[in-house]
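In terms of UniProt numbering, the sequence shown opens at residue 1 and continues consecutively.
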Amino acid sequence: MAAMEKSEVMYVEALTNPGTTDEVSLQKTVTVDTFHGDEAATVLANYHGEPTWDDDEEKRVKRKIDCRLLPILCATYGLQYYDKTMLSQAALFGLRKDLELETGNRFSFCASIFYLGFIVGAYPAIVLAQRFPVERVASGIVLVWGICLTCTAACHNWQSFYAQRFFLGLLESGVSPMFMMVVGQFYKKDEQALRMGLVCSIDITKPLANLLFPLELGGLPQDTSLLFHLSSIKNQGIRTILTFTQYGLGHITGSLSPWRYMYIVAGIITILWSAVILFFMPPDPIHGHNLNERERYIAVARLRTNNSGVRNKHFKKEQFYELLIDLEFWLVFCITFLTMWANGPISTFIPTIIHGFGFGTLTSLLLVMPSGAIIGTLQLAACYIAYKVPYSRSYLVVICELGTILSCLLLWLLPTHALGGLLFAAYILAANSAGYAVLMGMQLANTAGYTKRSLASSGIFVSYALGNVVGPLLFTTTDAPRYPHGFTAVFAAACAVVVLVIVYRFFCAWENKKRDEAGIMEGYEHAYDDDFTDRAVSNPSRAQKISLAQVVAYALAGRAISELPNSNHG
1 MAAMEKSEVM YVEALTNPGT TDEVSLQKTV TVDTFHGDEA ATVLANYHGE
51 PTWDDDEEKR VKRKIDCRLL PILCATYGLQ YYDKTMLSQA ALFGLRKDLE
101 LETGNRFSFC ASIFYLGFIV GAYPAIVLAQ RFPVERVASG IVLVWGICLT
151 CTAACHNWQS FYAQRFFLGL LESGVSPMFM MVVGQFYKKD EQALRMGLVC
201 SIDITKPLAN LLFPLELGGL PQDTSLLFHL SSIKNQGIRT ILTFTQYGLG
251 HITGSLSPWR YMYIVAGIIT ILWSAVILFF MPPDPIHGHN LNERERYIAV
301 ARLRTNNSGV RNKHFKKEQF YELLIDLEFW LVFCITFLTM WANGPISTFI
351 PTIIHGFGFG TLTSLLLVMP SGAIIGTLQL AACYIAYKVP YSRSYLVVIC
401 ELGTILSCLL LWLLPTHALG GLLFAAYILA ANSAGYAVLM GMQLANTAGY
451 TKRSLASSGI FVSYALGNVV GPLLFTTTDA PRYPHGFTAV FAAACAVVVL
501 VIVYRFFCAW ENKKRDEAGI MEGYEHAYDD DFTDRAVSNP SRAQKISLAQ
551 VVAYALAGRA ISELPNSNHG
């Protein structure tokens, strides 16, 4: 067995100076093992420049990362959103009839089988991203995804369409967990929720963003105002643009049905975008090509308090076993599963439901547009509040879920002639997606250890996929156009989510109290070299591999995860 290499690694200790700026200084504290460690340890050990930086310098590094990373993540999420909503829009332009999907629940299963592919593909994709450069894995997946999307136009029956939907889901499944990993590797815990919210809420319009957070009035901190410019460009957001695109393609009277042109155009755009990901997406701060040596050093060193590891390629079995007995992970797993029941009508049936109110095909497509602005606004507002108000995340998830509960009641009980109320209900049905964006930020910050975080991300997206498998199947052809049984089920699931989120918050509070009484602090002394998880103890003398027995002991002792260095997210 090869001898383990040793090097001195410089650890960060925050020092608040009495002056106008806070400086972070570095101190050589211990010799560590870098053979099984993160690449970040090498960056710190090999840096010989000025070891301190001030807040302004750190903000410049963050802005540089934001400008390079977030547009790519936002655009890729936008393409994924484009693909997911296309099924419901194509259904208005002859897809159901051409592919014999009007029989029974064949159309509902088109949405469900996509997420069966999601389940199959999530874990292999995340393993590839851990073992190989994430930008190459992401680019390859997006390339094949675009080819598969283009091939949809060649489907001529429901069997071939089912096969296409399954493989499309398999290909797209790795994008979200990979991007969650990337965000976790670039940003501190208290920065992650806002970034994930901005990435997920790409469909908001610029005018609405300015209305909510007027930049000229200082509505946002200086270091985040740029992010809202990135996520809400001068014109309307991606959802509005895509709806107009589909509206235009719906007027084509060529040799193919309009829905086939929709898939061809979407596939070509996706194929071209894969090249952008390959050449321009930075996988982590260590390999950020737009950062110089000092900026790379600051980008890596400032993440020490995350205790999450940066690009450790070694799969650690002890972290896998720890995840299996982590109650907080399973609570988030169940919350995600039930939340996604509402995604069935949101992604598959909303245009059809609006069409059932008595509107024409093209008019129904246009009437879907306001929901993007409304939900995008809710997503940004929720993530901004989570960023600014400590300990508010679980409350925000509950509030957003209440919007979906209200929508289900209105769509279920309002008479058909109450068009205003029905349209309002259709627009706020996806309010829980704002809570989901906050939940993802909470899950990111509450999970440390590179292997554990990778597996947790995959696990959450398996839950996401399972919920999306169930959701469309709740809406049967016999219940059209109001789908009372489907909305009853979504209503019940949303109520259960509210209860589980409250349980999650109290469980975190109980763990915090238990840990504080024991005098235990979250460990981050070895955030780079040992890749400790969120349940590891802070103790420089214990810089060795954790055994399975220790992992079980830590979990049974309830050693908690945190939002700030000494408190759980909630």
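Virtual Cβ for every residue (Gly too), placed ideally from N, Cα, C. In this text, all values refer to a predicted model and were calculated from it rather than measured experimentally.
| Query | Result |
| --- | --- |
| Using C-beta distances below 8 Å, list every residue in its chain close to residue 617, excluding the 5 sequence neighbours before and after it, in chain order. | It is not possible to answer for residue 617, since the shown part of the chain is limited to 1 through 570. |
| In this structure, how does DSSP classify Glu293 when only helix, strand and coil are distinguished? | helix |
| Run through the stretch 160-195 for me and flag every whole alpha helix (DSSP H) of 4 or more residues, listed as ranges in chain order. | 175-186 |
| Just how far apart, CA to CA, sit Asp55 and Gln192? | 18 Å |
| Strictly by DSSP, which residues pair up with Trp330? | BP columns for Trp330 are empty, so no partner. |
| Note down the Cα distance separating Gly250 from Glu401, rounded to an integer number of angstroms. | 34 Å |
| If you count every other CB in all the chains shown that lies within 10 Å of the CB of Ser255, and 16 or more means buried, which is it? | exposed |
| Work out the CA separation of Phe161 and Asp223 for me, nearest whole Å. | Caution applies to Asp223, whose pLDDT of 38 falls short of 50 and renders its modelled position unreliable; the model cannot decide the point. |
| Leaving out five residues before and five after Leu367 in sequence, what residues of the same chain have Cβ atoms less than 8 Å from its Cβ? | Ile354, Phe359, Leu423 |
| Can you name the start and end residues of the alpha helix (DSSP H) that Asp55 belongs to? | 55-90 |
| If you drop the 5 nearest sequence neighbours on each side, which residues of the same chain put their C-beta closer than 8 Å to that of Tyr263? | Met86, Ala90, Leu149, Thr150, Thr152, Ala153 |
| Select from Ile399, Leu429, Arg296, Thr377 the residue whose C-alpha is nearest the C-alpha of Val499. | Ile399 |
| I'd like to know whether the C-beta atoms of Ser364 and Leu92 end up nearer to each other than 8 Å. | yes |
| Assuming contact is defined by CB atoms lying nearer than 8 Å, are Ile65 and Gly288 in contact in what I supplied? | yes |
| Cβ atoms of Val175 and Ala138: under 8 Å apart, would you say? | yes |
| Would you report the Cα separation of Leu409 and Leu429, rounded to the nearest angstrom? | 10 Å |
| Would you give the residue range spanned by the alpha helix (DSSP H) that Ala122 belongs to? | 106-131 |
| Which value, in whole angstroms, describes the spacing of the CA atoms of Arg505 and Gly267? | 42 Å |
| Rounded to whole angstroms, how far is the Cβ of Pro481 from the Cβ of Gly356, which I believe are closer than 8 Å? | 3 Å |
| Have a look at Ser433 and Ser458 and give me their C-alpha separation to the nearest angstrom. | 19 Å |
| Which of the three DSSP states, helix, strand or coil, is assigned to Glu135? | helix |
| Out of Asn512, Asn468, Ile502, Trp412, state which residue places its alpha-carbon closest to the alpha-carbon of Asp479. | Trp412 |
| Touch check for the stretch 277-292 and the stretch 106-114: three-plus C-beta pairs under 8 Å? | no |
| Is Lys514 helix, strand or coil by DSSP? | helix |
| Leu338 and Phe507 look like a contact to me (Cβ under 8 Å); what is the Cβ gap, rounded to whole Å? | About 17 Å separates the two Cβ atoms, so there is no contact after all. |
| Taking the C-alpha atoms as reference points, what is the distance between Tyr387 and Asp190? | 7 Å |
| Where in the stretch 438-507 do unbroken runs of the alpha helix (DSSP H), each at least 4 residues long, occur, reported from the N-terminal end onward? | 450-473 |
| What's the call for Glu517, buried or exposed, on a 16-neighbour Cβ count within 10 Å? | exposed |
| According to DSSP, is Phe357 part of a helix, a strand, or is it coil? | coil |
| How about Leu278 and Glu135: are their beta carbons less than 8 Å apart? | yes |
| Check this for me: beta carbons of Val397 and Gly435, under 8 Å apart or not? | yes |
| Compare the Cα-Cα distances from Thr270 to each of Lys316, Phe320, Gly78, Pro351 and report the closest residue. | Gly78 |
| Run through DSSP, which three-state label would His417 get? | coil |
| Suppose the cutoff is 7 Å on Cβ atoms and the five residues either side in sequence are ignored; what does the same chain contact list for Trp259 look like? | Ala90, Phe93, Gly94, Leu95 |
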